[in-house]
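Encoded as structure tokens, the structure appears first; notes follow it.
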Amino acid sequence: MKRVYANETYCVGCKLCEIHCAVAHSESKDIIKAYKKEKIKPMPRIVVEDDMPISFALQCRHCEDAPCIKACITGAMQKGEQTGIVTNEENRCVGCWTCILVCPFGAIVRNEQGKKVAAKCDLCAEIEDTPACVKNCPNEALKYEEEGE
Amino acid sequence: MAYVIIGNAAAAISAVESIRKIDTKKPIILISDEPYHTYSRPLISYYLGDKVTEDTMRYRGENFYKKHNVTTYFGKKVVEIICDKKQVRLEDDTFISYDKLLIATGSKPFVPPMKGLTGKENIHTFLKLEDAVELKQKVKKDMRVVIVGAGLIGLKAAEGLHKLCDDITVVELADSVLSTILDRKAADIVQKHITQEGIKFIFNTTISEIEGETKVEKLTLQDGRVIPCDLLVVAIGVRPNVDIAQTAGIDVNRGIVVDDSMQTNIADIYAAGDVTESLDVASDTRRVLALWPNAYRQGEVAGCSMAGGDAIFDSAFAMNAIGFFGLPMITAGLVNVDETQAEQYEVQLVYDEEEKWIKKFIIKQNQLKGFILISKVDRAGIYTSLIKEGIDIRQLDRALTSDAFGLIAFSKELRAEKMLKGGRI
Chain F
1 MKRVYANETY
11 CVGCKLCEIH
21 CAVAHSESKD
31 IIKAYKKEKI
41 KPMPRIVVED
51 DMPISFALQC
61 RHCEDAPCIK
71 ACITGAMQKG
81 EQTGIVTNEE
91 NRCVGCWTCI
101 LVCPFGAIVR
111 NEQGKKVAAK
121 CDLCAEIEDT
131 PACVKNCPNE
141 ALKYEEEGE
Chain B
1 MAYVIIGNAA
11 AAISAVESIR
21 KIDTKKPIIL
31 ISDEPYHTYS
41 RPLISYYLGD
51 KVTEDTMRYR
61 GENFYKKHNV
71 TTYFGKKVVE
81 IICDKKQVRL
91 EDDTFISYDK
101 LLIATGSKPF
111 VPPMKGLTGK
121 ENIHTFLKLE
131 DAVELKQKVK
141 KDMRVVIVGA
151 GLIGLKAAEG
161 LHKLCDDITV
171 VELADSVLST
181 ILDRKAADIV
191 QKHITQEGIK
201 FIFNTTISEI
211 EGETKVEKLT
221 LQDGRVIPCD
231 LLVVAIGVRP
241 NVDIAQTAGI
251 DVNRGIVVDD
261 SMQTNIADIY
271 AAGDVTESLD
281 VASDTRRVLA
291 LWPNAYRQGE
301 VAGCSMAGGD
311 AIFDSAFAMN
321 AIGFFGLPMI
331 TAGLVNVDET
341 QAEQYEVQLV
351 YDEEEKWIKK
361 FIIKQNQLKG
371 FILISKVDRA
381 GIYTSLIKEG
391 IDIRQLDRAL
401 TSDAFGLIAF
411 SKELRAEKML
421 KGGRI
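In structure tokens form, the structure reads like this:
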């Protein structure tokens with residue numbers, strides 16, 4: 001399956017990927033409305049780690065053998081049979097954070113606005129062909145491709 | 001002939017999923033003494049608190065059994081395993097033959113003998129959905145509820161009952177809450193938080209006598225105190241549900257003894273989940289690790305082995321993600337160091353009692369052996385992976401206790417290997 005790969009040599013640590021990820025997962029999908037009007041504040045599912053000069057963006061690796069799916073106590077965390085995308089069915093998630101306990105990448109974040117749910121990268125599968133983080137990276141530090149390409 | 005699975009929770013369901021990855025044909029028969037579609041046991045306190053319904057507690061979709069070609073016997077109890085005939089017998093004397101059998105019967109509540117325990121209404125345990133349904137029907141706003149046991153189950157029961165009644169007291173024999181997953185300092189923070197919600201605690205004692213005519217009326221504690229009680233929840237602990245295994249001659253120590261393919265000492269009989277004991281690599285002892293994620297992984301290995309595949313259940317250690325009244329905590333591995341062994345370990349600790357957070361790490365020979373995180377639980381899985389993979393923490397160039405701890409602490413090579421799975425950095 002296609003995944004997002006980071007190239008830390010090109011990453012400038014601008015965190016635009018976080019902003020665009022948050023917007024892509026907002027209700028309006030509009031940057032101004034999302035930040036100014038929406039009750040639930042836009043929340044990125046991508047983490048930029050930086051300690052300049054090193055920086056890189058990290059999101060769910062959509063593991064083949066995903067520990068979060070095995071550990072999920074409710075069955076909310078699932079892998080798409082066709083797509084391979086790991087998604088969290090938020091209405092079944094109770095925010096117990098067992099997925100956070102087992103994700104070796106630290107790629108799942110807490111969303112505690114309203115009902116507590118685990119928030120994670122879904123590769124923007126429902127809205128775009130290319131994930132928002134990749135599309136909006138100004139220095140091509142994120143690539144969306146098959147493994148080993 | 002068929003795969004026969006006794007049980008219907010994490011281990012049983014993952015065994016079904018695992019078998020069907022290898023063998024799509026041979027029938028699977030799943031027997032459960034509960035009358036429900038598979039549901040998540042840890043959610044029973046959420047059910048009490050009206051955060052989930054019977055529908056949203058389902059662990060797998062409505063069509064799960066059909067999709068995986070599983071014949072179900074719900075509300076049927078297996079009373080005997082007849083190893084030489086490769087059959088199981090149900091309570092109603094139905095015999096079911098197996099080719100491979102999985103025992104995934106989980107735990108049962110441990111209720112020690114107490115004076116006045118029998119013949120009274122309003123005494124409950126809290127493990128199954130049925131328990132939660134009953135409690136929800138019984139409990140009234142003005143009842144004085146006493147919960148014995150300040151472990152995970154007792155405190156979850158307290159949280160679930162909190163909105164349903166005004167007076168809840170937790171009685172605990174130890175001197176602090178959650179003694180299996182927290183150290184004293186962390187326990188104090190959690191206890192203080194729960195106390196602020198109006199839950200009362202009595203430590204260092206337990207019940208010596210339950211009094212009342214037909215219903216519970218009051219409790220005499222071992223320290224002599226008498227406390228009124230209209231409803232009692234016994235949440236002292238759980239024990240592996242090993243009865244049918246024991247009578248069948250299967251090796252049982254603390255739990256059912258299995259090899260790393262989850263097979264018992266008897267051919268074609270496997271066991272997985274809370275009913276088994278496994279090697280806890282953090283304490284290097286064999287013990288029952290009654291944990292949902294552990295049960296799932298064991299069931300997966302058992303299913304694979306039963307279907308002729310190669311799988312091994314390797315390292316296990318205790319790990320818990322749980323929260324009470326909005327205060328989350330994640331702990332794994334070793335959480336307390338015995339004073340006699342203190343010099344072998346290094347402890348890194350940062351905390352703020354007022355702000356109710358703690359980060360504690362226990363290290364031995366440059367390897368992380370366990371941690372406690374209260375409130376600041378983000379990215380905990382990176383620490384879990386350090387324990388699991390036995391990574392030398394001298395390779396990390398950022399303190400474990402740092403709020404900015406992340407994959408950036410790893411060497412470029414380690415990060416590439418760990419994070420990008422074939423990607424480039």
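Chains F and B are the protein sequences, given in the same order. Following this note's numbering, the numbering of the first sequence begins with 1 at its first residue and continues without gaps. Following this note's numbering, the numbering of the second sequence begins with 1 at its first residue and continues without gaps. For each residue, glycine too, the CB sits at the ideal point set by N, CA and C.
Distance from the Cα of B/Ile-13 is smallest, within the candidate group B/Lys-25, B/His-37 and B/Met-1, for B/His-37. At a cut-off of 8 Å between beta-carbon atoms, F/Leu-123 makes no contact with chain B. Counting the other Cβ atoms within 10 Å of the Cβ of F/Ile-40 gives fewer than 16, which makes it exposed.
For F/Ala-71, the closest Cβ of chain B is nearer than 8 Å. When the Cα atoms are used, F/Ala-6 and F/Leu-142 turn out to be separated by approximately 5 Å. Bounds of any alpha helix (DSSP H) do not take in F/Met-77; it lies within the beta strand (DSSP E) bounded by 77 to 79. With 16 or more other CB atoms across the displayed protein chains lying within 10 angstroms of its CB, B/Pro-328 is buried. Listed by position along chain F, the residues whose Cβ is nearer than 9 Å to that of B/Tyr-270 form an empty set, because the closest Cβ is around 18 Å away.
In the DSSP annotation of this structure, B/Ile-391 is not part of any beta strand (DSSP E), being labelled neither H nor E. Each residue's CA atom was taken as its position, placing F/Pro-53 and B/Thr-285 some 45 Å apart.
Measuring C-alpha to C-alpha distances from F/Tyr-10 to each of F/Phe-56, F/Val-4 and F/Pro-44 identifies F/Phe-56 as the nearest. Per DSSP, the beta bridge partners of F/Lys-143 are F/Tyr-5. For F/Arg-45, no CB of chain B lies under 8 Å from its own CB, so it is not counted at the interface with that chain. Contacts with chain B at 8 Å (Cβ-Cβ) do not include F/Glu-38. Interface criterion met: the Cβ of B/Met-319 is under 8 Å from a Cβ in chain F. Cβ contact annotation for B/Gln-344 (same chain, cutoff 7 Å, sequence separation greater than five): Lys-364, in chain order. Restricting attention to beta strand (DSSP E) runs no shorter than 3 residues, the region 278 to 333 of chain B encloses them at 278 to 280, 285 to 287, 319 to 324 and 327 to 333, ordered along the chain. Between F/Asp-65 and F/Thr-87, the gap from beta carbon to beta carbon reaches 8 Å or more. F/Leu-123 carries a coil assignment under DSSP once its states are collapsed to helix, strand and coil.
Segment contact: the region 199 to 214 of chain B against the region 113 to 124 of chain B, three or more CB-CB distances shorter than 8 Å; contact assigned.
One alpha carbon belongs to B/Ala-307, the other to B/Val-79, and they sit about 25 Å apart. Close to chain B, meaning a Cβ-Cβ distance shorter than 9 Å, are the following residues of the region 90 to 101 of chain F: Asn-91, Arg-92, Val-94, Gly-95, Cys-96, Trp-97, Thr-98, Cys-99, Ile-100 and Leu-101.
In this structure, the straight-line span from the alpha carbon of F/Ile-100 to that of B/His-193 is close to 22 Å.
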